[in-house]
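A short worksheet on the structure shown next.
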Amino acid sequence: MKKPFINPTLASKLLLGLFIGTVGFNAAACGRWDVICKTKAAANSVAKVATDSGNAVASTATSAGNTVASTATSAGNTVAATATSTANTVAATATSTANTVASTADQLAKQGAAISAAEAKTLINGAKTAYSASATEMTNGYNASVNQFKSLLNDALTAVWRTAGKKVVNDSKTLIVGMKHRAQNLDAAGQAALNRVKRAISANHIDEQARADIHALTKAIVYGGNDIASSVTHSSFGIQTCDSVGAGNVGGETCYMMIMQTYLENGKYKVGLARSFGVAASPYPSDIGVESTFGIFWGPGGIDDNTGASIGLGLGVMLEEGLEIGMSWGIPTAIPDPSSVIPSFSISIGVGAKGEAALTAGYTKVLTKL
97 MKKPFINPTL ASKLLLGLFI GTVGFNAAAC GRWDVICKTK AAANSVAKVA TDSGNAVAST
157 ATSAGNTVAS TATSAGNTVA ATATSTANTV AATATSTANT VASTADQLAK QGAAISAAEA
217 KTLINGAKTA YSASATEMTN GYNASVNQFK SLLNDALTAV WRTAGKKVVN DSKTLIVGMK
277 HRAQNLDAAG QAALNRVKRA ISANHIDEQA RADIHALTKA IVYGGNDIAS SVTHSSFGIQ
337 TCDSVGAGNV GGETCYMMIM QTYLENGKYK VGLARSFGVA ASPYPSDIGV ESTFGIFWGP
397 GGIDDNTGAS IGLGLGVMLE EGLEIGMSWG IPTAIPDPSS VIPSFSISIG VGAKGEAALT
457 AGYTKVLTKL
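If you count by the numbering used here, then the sequence shown holds residues 97 to 466, one letter each, in order.
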């Protein structure tokens, strides 16, 4: 049996056609036997797939690039905005701090400015209003003190206590005269602190600035600018503004005081505001009227030890001109021998002599302690 005849050329064409068909050849686009057309079409199809793939990759890369760029831009904008916000906050804080410092400095300067004679009268009148809430307690305390001691306060006892008081003054001459001179010759910073204290006393106001000011004055006036000795006997130093009223031969005096303990209590030099009142029979001229005075004082013990009944007298001018001294003794129950009680003394500065005053009762009340 004969084998069928196969045309090799035709077989090749058929195989090529089948191959071209497998790569997506569209039979309608070329003639059935147009091998060249079909080959081009296949190549174009492959090229299109490659192009489409390239475009897809390029598009993806472009999209990814745009996303990265957008993210970077957004991050950059966020960083820039944060930096700007932080800079604005820092600038605002710095401005606010500067304004606060400037405002505080202005306030301190105003409070430390010189006090005229007219303002001094305004301050003492302001104190009467600021301390009015304590008026009833002061009156009751003073009346109780007078009733307690009035039968004992006679001329003979006055002479004994005056002698004791003058001995204390003479024994403390260096300290007392030095305090008076240093109070009269404060530097600019010290005088500003004194003026602030006077205004704070008048307003019945006490704060950390007052503590700093009275501390500076204590160092300057009592210790000559040296640090407060830690070994000093427990005592108190103060600045006072007194309102003296004369009527015939009777002088009355109410004082408003800022007191500082010269020793630490719970790590601080405690500061307080107090008010005292007493009436002293003395040779005041009947026309003396009302006189506001500035003074300093020293006393044994702490702030709380200043509250209560006392007896006191005016020693008049002693040691040198312009140095008027008053002395008082805190007496809780009965009048002891004067040598057994350490007195407090006050120095009035820059006032005319009032002369000596008889021994009388008094009362002091600490109103605030910081």
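Every residue, glycine too, gets a C-beta built ideally from N, C-alpha and C.
Judged by DSSP in its simplified three-state form, residue 332 adopts strand.
Per the coordinates, the alpha-carbon of residue 410 lies some 23 Å from the alpha-carbon of residue 369. Within the region 407-444, the complete beta strand (DSSP E) runs of at least 3 residues fall at 419-426.
Inter-segment contact for the region 306-319 and the region 410-427 is absent: fewer than three beta-carbon pairs are separated by less than 8 Å.
Take residue 289, set aside five residues on each side of it, and the residues of its chain with a beta-carbon closer than 6 Å to its own are 309, 312 and 313, in chain order.
Taking residue 230 as the centre and dropping the five residues before and after it, the same chain places the C-beta of 371, 461 and 463 closer than 8 Å to its C-beta, in chain order.
306 is the residue among 306, 247 and 424 whose C-alpha sits nearest the C-alpha of residue 367. Spatial neighbours of residue 324 in its own chain (CB-CB distance under 7 Å, excluding positions within 5 residues in sequence) are listed in chain order as 314, 315 and 358. DSSP places residue 231 in the uninterrupted alpha helix (DSSP H) bounded by 231-245. Per DSSP, residue 286 is one residue of the alpha helix (DSSP H) stretching across 284-298. Around residue 400, the same chain offers 462 as residues with beta carbons nearer than 7 Å, after the five sequence neighbours per side are excluded.
Around the C-beta of residue 374, 16 or more other C-beta atoms lie within 10 Å, and the residue is accordingly described as buried. Classified as exposed, residue 364 has fewer than 16 neighbouring CB atoms from the shown chains inside 10 Å of its CB. Burial state of residue 337 is buried, judged by a 10 Å Cβ sphere holding 16 or more other Cβ atoms.
In the DSSP assignment, residue 222 falls within the alpha helix (DSSP H) that extends over 213-226. A residue is called buried when at least 16 other Cβ atoms come within 10 angstroms of its Cβ; residue 339 meets this threshold and is buried. Residue state for residue 268 is assigned as coil, using DSSP reduced to three classes. Cβ atoms of residue 405 and residue 241 come within 8 Å of each other, at about 4 Å. Residue 319 is bridged by DSSP to nothing; it lacks a bridge partner. When DSSP reads this structure, residue 392 sits in a beta bridge with 335 and 443. For residue 434 and residue 268, the gap between their C-alpha atoms comes out near 16 Å. Using a Cβ distance threshold of 8 Å, residue 220 and residue 291 do not count as a contacting pair. In the three-state reduction of the DSSP assignment, residue 209 falls in the coil class, being assigned neither a helical nor a strand state. Beta-bridge pairing by DSSP links residue 302 to no other residue. Taken atom to atom, the span from the alpha-carbon of residue 465 to that of residue 215 is near 26 Å. When only Cα atoms are considered, residue 244 and residue 250 end up about 13 Å apart.
In the three-state DSSP reduction, residue 204 falls in the helix class (H, G or I). Pairing residue 294 with residue 262, the inter-Cα distance amounts to about 29 Å. With respect to the 8 Å criterion, residue 444 and residue 395 are not classified as neighbours on the basis of their beta carbons.
In the three-state DSSP reduction, residue 457 falls in the strand class (E or B).
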